[in-house]
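**Student:** Pasting a structure below so you can have a look.
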Amino acid sequence: MKTYILTISIAFIVMLTACKKSSPDNPNSGNGQNTENSPTTVGNVTNYNGYVVKTIGISRILLAVDDNYNMTVAYLYGGGNKVILKAGTGNTIELKDGIIATCPDAVIQTPDGTIPYLDQDIDNGKLADTTAFSAAVIKIKGFDKSKTGYNQLNLVMCKFLWPADGDPGYHNNVTYLKMKKAAGKKNADYNYDFITKLFSGNISVSDIEIAPPVSASTYITEDHIISSGQASYNPSLNKTYDVSLIDPFFSFSESYLLGTPIVPVVNTLKFEWANASDGTISTDSNGAGYIYWAKFNNIKVGGLDQVVEPADTVNKVFLRITGFDRPSFGFNQLRLFVANDGFYDGSLQVDYNAIPQKTPTLNAIKDIYAAQGLYGSASPRWPHY
């Protein structure tokens, strides 16, 4: 897991409030016009005399850059809000307060780190309070108000919830899916100026999903990609002893606990496969019959810079897990999309502790990964590195 102790102190800078009159000095207005009327804010929408700014929270940024250090894709998410950016045109983007503390070189190869954030939960029913301290704000302009209801979308960084981890290290809220450092460069060289330049200029907004307010009590979904799986299974007891679903940036583990009675104890989470009817089963080459792999035919295929797209829910395999406590996790529902990312090929491995009477079916492997008869308890840990 990519963790580190934060050694760089972040200077928080007092921001101008959104309740001032619109002017070129107001960082939240984005219209550069003086108006006679004060802005009006309802929920998370502020109207500057007809220029409408919608403000939502995010807690993490996954991004990829090419060898010329231009952004190719970025996935920004948190609290059920999701925005996918890609290289292109149609909108403009800028990052305010892009001060970033990068990961030490000895810890990881890419300059992952943290940018300033608000120590508050994400709630689209209210405006994120940026009046007391500085938080990174990503501003995306150029929307057609007649289609979206707003001209500008502000993304305010909020705290990144990190449940069931126990690791005392620091956890970054900016992670590079794909990044090649120049020869002789250190992580610290990719600091404020670099991250601010990445989020500037023209951009293509591929997808926007905005969650309802917390008061609506609706499901909040978080999506991740997994490209490898491993599980242990006892066929005589019909018990799964542990399950791990991972890729280089995320992991979900259901851990075996010594001394736990042999009864299913995962009773708060519900597991369900979607689009998972087509696949093959193979076994190890020595013919011992102890290890089997399930390989779905309709997984996502690409590089490490893949992100979950809206169309993936229609025809790509994913495991849906529901029953999470939203205040602790930031979501109720987790969807894990299987992928070949060029690092792992998307195979789900099962280690049997005895030779089964017959070759496992695809449905049998799916049941094992859906925690049927799990001997232990669920322990989500993410991201995984």
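Our numbering applies: residue 2 is where the sequence shown begins, and numbers increase by one. All C-beta atoms in this analysis are idealised placements derived from N, C-alpha and C, irrespective of residue type, glycine included.
In angstroms, rounded to a whole number, what distance separates the CA positions of aspartate 285 and isoleucine 292?
**Tutor:** In this structure, the CA atom of aspartate 285 is about 6 Å from the CA atom of isoleucine 292.
**Student:** What three-state label does DSSP hand valine 215 in the structure shown?
**Tutor:** helix
**Student:** Which runs of the beta strand (DSSP E), 3 residues or longer, sit entirely within the stretch 320-379?
**Tutor:** 334-341 and 349-353
**Student:** DSSP state of isoleucine 144, grouped into three classes?
**Tutor:** It should be pointed out that residue 144 corresponds to phenylalanine in this sequence rather than to isoleucine. Coil.
**Student:** Pick helix, strand or coil for glycine 260, following the three-state DSSP scheme.
**Tutor:** For glycine 260, the predicted structure reports a pLDDT of 38, less than 50, and the residue's modelled location is therefore unreliable. The matter cannot be settled from this model.
**Student:** With a threshold of 6 Å on Cβ separation, who are the neighbours of tyrosine 201 within its own chain once the five nearest residues in sequence on each side are excluded?
**Tutor:** Note on residue identity: the sequence assigns serine, not tyrosine, to residue 201. Excluding residues within five positions, the ones whose Cβ falls inside 6 Å are Glu95.
**Student:** Thinking C-alpha only, which one of Val84, Lys97, Leu337 and Ala75 is nearest isoleucine 247?
**Tutor:** Leu337
**Student:** Looking at the strands, I want to know which residues DSSP matches up with methionine 158.
**Tutor:** Per DSSP, the beta-bridge partners of methionine 158 are Ile59.
**Student:** Which residues in the same chain as proline 236 place their Cβ atom closer than 7 Å to its Cβ, once the five residues preceding and following it in sequence are excluded?
**Tutor:** Excluding its 5 nearest sequence neighbours in each direction, proline 236 has C-beta neighbours in its own chain below 7 Å: Tyr353, Ala355 and Pro357, listed in chain order.
**Student:** Which residues does DSSP list as the beta-bridge partners of glycine 79?
**Tutor:** Asn82
**Student:** Identify, in the order they occur along the chain, each residue of the same chain with its Cβ nearer than 7 Å to the Cβ of lysine 367, setting aside the five sequence neighbours on each side.
**Tutor:** Trp274 and Ala277
**Student:** Going along the chain, which unbroken runs of the beta strand (DSSP E) with 3 or more residues stay wholly within the stretch 223-250?
**Tutor:** 229-235 and 240-248
**Student:** How about the stretch 71-87 and the stretch 111-118: do they share at least three Cβ pairs that are nearer than 8 Å?
**Tutor:** no
**Student:** Under a three-way DSSP split, which group does valine 318 fall into?
**Tutor:** coil
**Student:** Just tell me which of Ile209, Asp342 and Gly347 has its CA closest to the CA of lysine 179.
**Tutor:** Between lysine 179 and the set Ile209, Asp342 and Gly347, the nearest pair of CA atoms involves Asp342.
**Student:** Among Trp294, Gly51, Asp106 and Gly44, which one has its Cα closest to the Cα of threonine 362?
**Tutor:** It is Trp294 whose Cα lies nearest to the Cα of threonine 362.
**Student:** With a Cβ-Cβ cutoff of 8 Å, do glycine 51 and asparagine 92 count as a contact?
**Tutor:** no
**Student:** Would you list the residues sitting across from asparagine 48 in a DSSP beta bridge?
**Tutor:** Thr41 and Val53
**Student:** Between which residues of its own chain and alanine 371 is the CB-CB distance below 6 Å, once the five residues before and five after are set aside?
**Tutor:** Phe272
**Student:** Report buried or exposed for asparagine 174, applying the criterion of at least 16 other Cβ atoms within 10 angstroms of its Cβ.
**Tutor:** Asparagine 174 is buried by the Cβ-count criterion.
**Student:** Closest by CA to valine 339, which one among Ile322, Ala65, Val302 and Asp306?
**Tutor:** Val302
**Student:** Return the CA-CA distance between threonine 47 and valine 54, expressed in angstroms with no decimal places.
**Tutor:** 5 Å
**Student:** Tell me, which residues are paired with methionine 180 by DSSP?
**Tutor:** Answer by DSSP bridge pairing: none, since methionine 180 is not bridged.
**Student:** May I ask you to list the residues that DSSP assigns as paired with tyrosine 293?
**Tutor:** Thr284 and Val351
**Student:** If you draw a straight line from the C-alpha of alanine 184 to the C-alpha of arginine 61, how long is it?
**Tutor:** About 28 Å.
**Student:** According to the neighbour-count rule (16 or more other Cβ atoms, all chains shown, within 10 Å of its Cβ), is aspartate 306 buried or exposed?
**Tutor:** buried
**Student:** State the start and end residues of the unbroken alpha helix (DSSP H) segment that holds phenylalanine 272.
**Tutor:** Segment 271-275 is the beta strand (DSSP E) holding phenylalanine 272; no alpha helix (DSSP H) there.
**Student:** Would you kindly work out how many angstroms separate the C-alpha atoms of threonine 397 and cysteine 104, rounded to a whole number?
**Tutor:** Nothing in the structure corresponds to residue 397, since the chain is present only between 2 and 386.
**Student:** Using CA atoms only, rank isn't needed, just tell me which of Phe250, Val315 and Asn298 is closest to glycine 347.
**Tutor:** Asn298
**Student:** Taking the DSSP output, what are the residues bridged to aspartate 208?
**Tutor:** Ile85
**Student:** Where does asparagine 188 fall in DSSP's three states?
**Tutor:** Residue state, collapsed to three classes: helix.
**Student:** Do you know offhand how far isoleucine 14's Cα is from glycine 99's?
**Tutor:** Because the pLDDT at isoleucine 14 is just 24, under 50, the model does not fix this residue reliably, and the value given afterwards should be weighed accordingly. The straight-line gap from Cα to Cα measures roughly 11 Å.
**Student:** Using the C-alpha atoms, what's the distance from valine 138 back to asparagine 364?
**Tutor:** Straight-line measurement puts the Cα of valine 138 at about 46 Å from the Cα of asparagine 364.
**Student:** Looking at leucine 156: is its Cβ nearer than 8 Å to the Cβ of valine 84?
**Tutor:** yes
**Student:** What are the boundary residues of the alpha helix (DSSP H) that includes isoleucine 196?
**Tutor:** 193-199
**Student:** Compute the distance between the beta-carbons of glutamine 121 and lysine 97, then report whether it is under 8 Å.
**Tutor:** no
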